[in-house]
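So our numbering is basically just the index in the sequence shown, starting at one, shifted up by 111.
Cβ coordinates follow ideal geometry from the N, Cα and C atoms, glycine included.
Quantities reported herein were computed from a predicted structural model and do not represent experimental measurements.
I have placed the structure first, in the form of C-alpha cells, so that the comments after it can refer back to it.
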Amino acid sequence: MLEDQTTADTPTPWPAAYPEGYAVVDVETTGLARDDRIVSAAVYQLDARGQVEDHWYTLVNPERDPGPVWIHGLTTAVLSSAPLFPEIADEFAKRLAGRVLVAHNAAFDWSMIAREYARAKATAPVRQRLCTIALSKELQLPLPNHKLESLAAHYGVVQQRAHHALDDARVLAEAFRPSLQLAAEANLRLPLLACQPLTEWSDGPAATPRSSGYIGHQRSYGSSNSWRPSRKRPACPYPNPGRYKEGEQLIQGMRVAFSGDTSIDRELLEDRAIEAGLHIATSVSRLTSVLVTNDPGSPTTKTSKARSFGTPVIDEAVFVQLLSHVLPAPGGPKS
C-alpha cells in the first residue's frame, strides 16, 4: 500500500521536449489588413511550467486611423502621444527572446508583429508559436466555441477588460497554465509552429477608402467609442473562380461563408475578406468556394450543407493566414 501511495503522490515527469519559457502575447490593431498597425501590445513572460515571471504593456502610435475604436477603445487622441513601434521594438524583443510566442489565434498576432518589425527594419526574435485555440482542440476541452472568454470561463478566469491587450494577455496566461499542465500530464505533443520573420516589407501605395469605413472616418473614431460602420456590403466585382483547393491560395471572387464563433470579431474578418476581393456568402450552396468554421463537426445548417456539397472547410487561423496573400482574379473585375 505504501508503494502505491508513493507512486500516486509522485508528480508527473515534465516532458523534456517542452519549451523552457513562453511569451503570452496580445496585440490590438487598427484592423486585419496587411497594412494595418498595432495600437497596443502586452506580454506575460512564463517559465517552463507556465508560472508568471513578468508582464509588460505599451500603447503604440500607429501613425494612422486607429481603426475599430468600439473594440479596443483607443482613440486618435489617446494614441497621439504614444511611442512609435520602432521606439518600443527593442523592449518588446527582450520580452520575446528565447521564448515560444503564445497567443489566441497566434497566426494573426505573429503576422502583425512580424510586419511591424519588418517595417522597423528589424527582426522579431521569435522562432516558434503556439496557438491556444489549437491546444484547446488537442486537449478536447468541452468549449462551446473558440473565443477567449469561453476558454477563460472553462478555467474560472475572470476577464476585467475584454480587448484590452494587458488584460487579454493576463487572462490567456492564466488559462494557458492549466492547459499546459494537462498537456504535460498526457505527454501531449504541443502544437508548435515555426515562425518565419519577414526581412523586407512595403505597405505599397496609400490605402483607398474601405467598405468598413476605417479610412476616411477618422473624426468618428476620435469622437465616439460606440460608432460602428455600416454593414451594407458592396457587390464583389470579380467572377467566382471556383472552389478553394487545400494547400493553395485564395483567389479574388471566391465565395466565402462563415459558421459559428470566431476569436477575431466577425465584422473585421468579413471586412478584410471584402477588401481582399472575396465575396461574403450568407449561406452555403454548390457555388460556395470555402466554409470557414472553428467547429467543423457541429450540426449547423452551413456545416451540414458543406458536407453534402463537398465544400472545402478551413478554420479561422488558416483563413487569416490565407488572407495575407489573395491571388488576383485571372480575368480582372466583371465587365
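- Shown here for residue 170: same chain residues with a beta carbon closer than 8 Å to its own, the five before and five after excluded, namely 150, 151, 185, 189, 190, 193 and 194 in chain order.
- Exclusion of the five residues before and after residue 425 leaves 401 and 403 as the residues of its chain whose Cβ lies within less than 7 Å of its Cβ.
- Contact between residue 283 and residue 165 does not hold, since their C-beta atoms are separated by about 15 Å, which reaches or exceeds 8 Å.
- Residue range 180 to 183 is occupied by the alpha helix (DSSP H) that includes residue 182.
- Residue 206 holds the alpha-carbon nearest to the alpha-carbon of residue 158 among 206, 196 and 395.
- Residue 306 is positioned such that its CB atom lies no closer than 8 Å to that of residue 210.
- Between the segment 224 to 231 and the segment 176 to 183 there are fewer than three C-beta pairs closer than 8 Å, too few to call the two in contact.
- In this structure, the straight-line span from the alpha carbon of residue 354 to that of residue 364 is close to 10 Å.
- For residue 391, the closest alpha carbon among the candidates 434, 368 and 236 is that of 368.
- Residue pairing of residue 228 in beta bridges, as defined by DSSP: absent, with no partner found.
- With a beta-carbon spacing of about 15 Å, residue 276 and residue 260 fall beyond the 8 Å limit used to define contacts.
- Taking residue 412 as reference, the option from 399, 370, 428 and 389 with the minimal CA-CA separation is 370.
- Comparing C-alpha distances from residue 395 to each of 221, 417 and 289 shows the shortest one belongs to 417.
- Under the three-state reduction of DSSP output, residue 374 falls in the coil class, being neither helix nor strand.
- When DSSP reads this structure, residue 303 sits in a beta bridge with 241.
- Residue range 149 to 158 is occupied by the beta strand (DSSP E) that includes residue 156.
- Per DSSP, reduced to three states, the secondary structure at residue 221 is helical.
- In the three-state DSSP reduction, residue 250 falls in the helix class (H, G or I).
- Ranked by how close their Cα comes to the Cα of residue 384, the residues 197, 213 and 433 have 433 in first place.
- Taken through DSSP and simplified to helix, strand or coil, residue 278 comes out as helix.
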